[in-house]
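Residue numbers (the numbering used here): 427 to 517. Note that the Cβ used here is the ideal one computed from N, Cα and C, for glycine as well. What you are looking at is a predicted structure, and each value in this text was computed from that prediction instead of being measured. Comments concern the structure below.
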């Protein structure tokens with residue numbers, strides 16, 4: 427994360443409602459329909475929400491899944507250059 431974005435991140439976290447964890451606990455798992463248009467899924471390699479099994483399933487359903495090494499949930503904050511490189515040829 428870029429140092430200049432830390433204050434904004436802290437401000438956002440101060441407004442976060444921990445009750446959203448209840449929703450996460452009740453979440454039945456990802457359910458997707460095959461994309462009707464070209465669809466890119468960019469994920470960090472330390473992102474537990476999108477493990478290799480889910481990434482493979484999404485890819486098999488027609489999504490273009492691209493993993494960015496050394497990043498987590500907020501790929502563009504963790505490594506902006508790598509994020510932009512993943513978009514090369516896509517946009």
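- Per DSSP, the unbroken alpha helix (DSSP H) holding residue 486 starts and ends at 478-486.
- Note on residue 494: 16 or more other CB atoms within 10 angstroms of its CB, so buried under the neighbour-count rule.
- In the three-state scheme derived from DSSP, where H, G and I count as helix and E and B as strand, residue 514 is classed as coil.
- Boundaries of the alpha helix (DSSP H) harbouring residue 432: 432-440, taken from the DSSP string.
- Shown here, residue 457 sits in coil according to DSSP, grouped into three states, outside any helix or strand.
- Contact between residue 490 and residue 464 is confirmed by a C-beta separation of about 7 angstroms, below the 8 angstroms threshold.
- Residue state for residue 501 is assigned as helix, using DSSP reduced to three classes.
- Straight-line measurement puts the Cα of residue 469 at about 7 angstroms from the Cα of residue 476.
- As far as DSSP is concerned, residue 447 takes part in no beta bridge.
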